[in-house]
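Just so we're aligned: the sequence shown equals residues 1 to 570 in the UniProt record's numbering.
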Amino acid sequence: MMLYSYLLCIFVCMLIGFSSVSNAQEIYQFFNPASKFCLQGLTTTISDVDAVLCGGSTANQKWRYTINGQFINVASNLCLDFNGQNVVSVTCSRSNPNQFWNIITSPSYPDIFQIVSRSTGKCAQVYNDGKLHGYMQPCGAFDDLNFRYQMYRKYQSTYLSPVFNRNTIPLTQGAFIIGDGRALSPGFTLTINDYSLVLTFTGQFVFVSPAGTTLWTSDGVTPQYSSVPYGVFGNDGNLCSYRPGYPSYCTYSQGLGGMYLNILPPGSYNRPWGIVIQNAAGKMVWGRFGTSTSMPGFYSLIPGNFLDSQSTTNNQIEPGQFITNGRDYLTITTTGDIQFWVQNPNYPGQLKWTKLNNNGTGRVEGPYILTIQSDGNFCSKNKRGDLIWCGAEKSIDYSRYLYVPPNDGWDVNWGFITHDGISNMAAWGQFNVPTPSFTNYLKQGNTWTSSLSNAIIVANTNTYSLLTTVQFFISDGKAVTLVPDYSSYREYTKSVGWNSVGQFVFTVTNPSTGCVNTYSTEIPRGFIDAQPNYLVSIPGMPEFVMLNSNGQLIWSGLRDGFTHSLSNTC
């Protein structure tokens, strides 16, 4: 009977064109990418094998494959079996034909396999009948997505401490690949500390937390199961997922020098999580990160996103080079123009800001560099030292880094700053002036009235703590509103210029405590007298700033502070 069952399995495998893999004594942790769960046995004598959240250190999810074809649970020493249709773990017995399995793979889909019973030729799959568990079903073809719940991958998660190296991003053991153009089949997974980047059967890359929460997902076409997707991380540094004949998603990181797709250990650079494409020097050329809830995270210095005035190797960029937050790029062109792009400046980026090569006396001849000087000023010049343009009219001795801060995903929200790296105080900044359709700005009106239509600033809900002298916490993603003071006995008029006696006055309400405070801005300092001015909550930066009509920073809550004028109900 055993011989007949084994020959039956071989026959089935030949029919569907797959091969049987026998890796005796190898440890398997069965991860189903479609459900994003792992098969787990219990320690009782007979129990169902459930599908649960994966844990790299969970021994009940690990099965040792014996030379005879049995899977023995590492924690319980029970064997993988089935009772009727339910997959179970029971006492091991070499006379029980239901305990013998083959691992079946397909050359066309190297990232996944099936678990096939030698006695019946059926597959163990993840099944939901009120609870998720293992269930025996007829095996299907690898290219038929109706059978995606019987496709598995070996789950492998190492546990590493966060990294903070400012010179080069270390490659994460077991959680990076090189861009060599090989096909990535559905189920392709990179995992570190139980955070997983998965290419799903819908053709999307998703990043999943240990709790099973989707933290990031690639955009692109509407997810569907009509055709088998695949992915490619090309030698041009571009990561794409495809359906037959066309791409459904790409990072558009081609031509930026990317060589490695790397998953960072959680907490690295004070960000909850991070996915980067980096070049051979270990600098980021594309990236996505979790939103920080701490000061170091908001201003984290990641190789590739900053220049350092105190460095001799990272204080300037030349044409073809850039600094980036993973989405936006600050560059200098071969003609000496400074440019800031949202998305890849090669394609399909959007040019958002430029400073032309003209210092008032004509074009300066190249070759060119963009640098942050030892005095903290941010300038473009040629290599002979002939100046084209500087951000500030004088030195900024409390500024060390030129930096592209994190973005919130909206193309209209972008900017770059210089800061000191100690208190992370923004010294100089260039931002996009928000449009009225976005609720993170407050434009100075001629006279503030009782109307709130143009007088509410809503703090970015991704900014959990505004790190200024006005401290409060946004809990559970609820927005805290900052409303101008509408006292009936006085009015506040529009500022004539940055050095005007006109001031922003507003109340701060903390909904968690009911505390209400009234504050006004100090008279802001600035570099260019341009009106009107805008008070904004900058995405990716935990503070309020004031911009002039050119988008330049002229006041910062952290740098310039507030005047506390009144407090009540506190």
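Even for Gly, the Cβ is constructed at its ideal location relative to N, Cα and C.
- Secondary structure at Leu-145: helix, using DSSP grouped into helix, strand and coil.
- Lys-36 is classed as buried because its beta carbon has at least 16 other beta carbons within 10 Å across all chains shown.
- Contact check between the region 266-286 and the region 367-387: fewer than three CB pairs, one atom from each, fall below 8 Å, which does not count as touching.
- Counting of Cβ neighbours within 10 angstroms places Thr-354 among the exposed residues, the total staying below 16.
- Taking the Cα of Pro-244 as reference, the smallest distance to any Cα among Leu-356, Asp-397, Pro-162, Asp-143 is reached at Asp-143.
- Taking the Cα positions, Gly-187 is about 7 Å away from Arg-153.
- Distance between Asn-32 and Asn-165, taken at the CA atoms: about 34 Å.
- Taking 8 Å as the cut-off, the Cβ atoms of Ile-27 and Val-90 do not count as close.
- With fewer than 16 other Cβ atoms from the protein chains shown falling within 10 Å of its own Cβ, Leu-351 counts as exposed.
- Per the coordinates, the alpha-carbon of Asn-98 lies some 33 Å from the alpha-carbon of Pro-229.
- Each of Asp-50, Ser-157, Asp-411, Gly-174 was checked against the Cα of Tyr-127, and the nearest Cα belongs to Asp-50.
- Taking C-beta atoms as the reference points, Ile-323 and Phe-306 count as a pair closer than 8 Å.
- At the C-beta level, Tyr-242 and Val-232 come within 8 Å of one another.
- Shown here for Thr-331: same chain residues with a beta carbon closer than 6 Å to its own, the five before and five after excluded, namely Phe-322, Gln-339, Pro-345 in chain order.
- Using a Cβ distance threshold of 8 Å, Arg-64 and Val-74 count as a contacting pair.
- Per the coordinates, the alpha-carbon of Cys-92 lies some 15 Å from the alpha-carbon of Gln-25.
- Annotated three-state conformation of Ala-59 is helix, per DSSP.
- Distance from the Cα of Asp-111 is smallest, within the candidate group Thr-313, Thr-200, Asn-270, Gln-430, for Thr-200.
- With fewer than 16 other Cβ atoms inside 10 Å of its own Cβ, Ile-178 counts as exposed.
- Exclusion of the five residues before and after Gly-41 leaves Ser-47, Val-49, Asn-60, Asn-73, Ser-76, Leu-78, Ser-89 as the residues of its chain whose Cβ lies within less than 7 Å of its Cβ.
- Distances from the alpha-carbon of Arg-271 to those of Leu-145, Arg-118, Asn-325 put Asn-325 closest.
- Within the same chain, Gln-204, Val-206 come within 6 Å of Thr-217 by CB-CB distance, once the 5 residues on both sides are set aside.
- In the DSSP assignment, Met-284 falls within the unbroken beta strand (DSSP E) covering 284-289.
- Annotation for Leu-370: the continuous beta strand (DSSP E) segment containing it runs 368-372.
- Residue pairing of Leu-132 in beta bridges, as defined by DSSP: Asn-128.
- Contact between the region 417-431 and the region 399-409 is established, with three or more Cβ pairs separated by less than 8 Å.
- In the assembly as shown, Gln-343 is a buried residue. Its beta-carbon has 16 or more other beta-carbons within 10 Å.
- Each of Glu-393, Glu-318, Gly-349, Gln-173 was checked against the Cα of Gly-366, and the nearest Cα belongs to Glu-318.
- Measuring C-alpha to C-alpha distances from Gln-173 to each of Arg-182, Tyr-159, Leu-184 identifies Tyr-159 as the nearest.
- Residue pairing for Tyr-65: DSSP places it in a beta bridge opposite Phe-71.
- For Pro-296, the secondary structure class from DSSP, reduced to helix, strand or coil, is helix.
- In the structure shown, Gln-204 falls within a coil segment according to DSSP collapsed to helix, strand and coil.
- Note on Ile-369: 16 or more other CB atoms within 10 angstroms of its CB, so buried under the neighbour-count rule.
- Going by beta carbons, Leu-171 and Gly-290 fall outside the 8 Å limit.
- With fewer than 16 other CB atoms across the displayed protein chains lying within 10 angstroms of its CB, Gly-181 is exposed.
- When the alpha-carbon of Thr-334 is set against those of Leu-356, Pro-348, Trp-341, the nearest one is in Leu-356.
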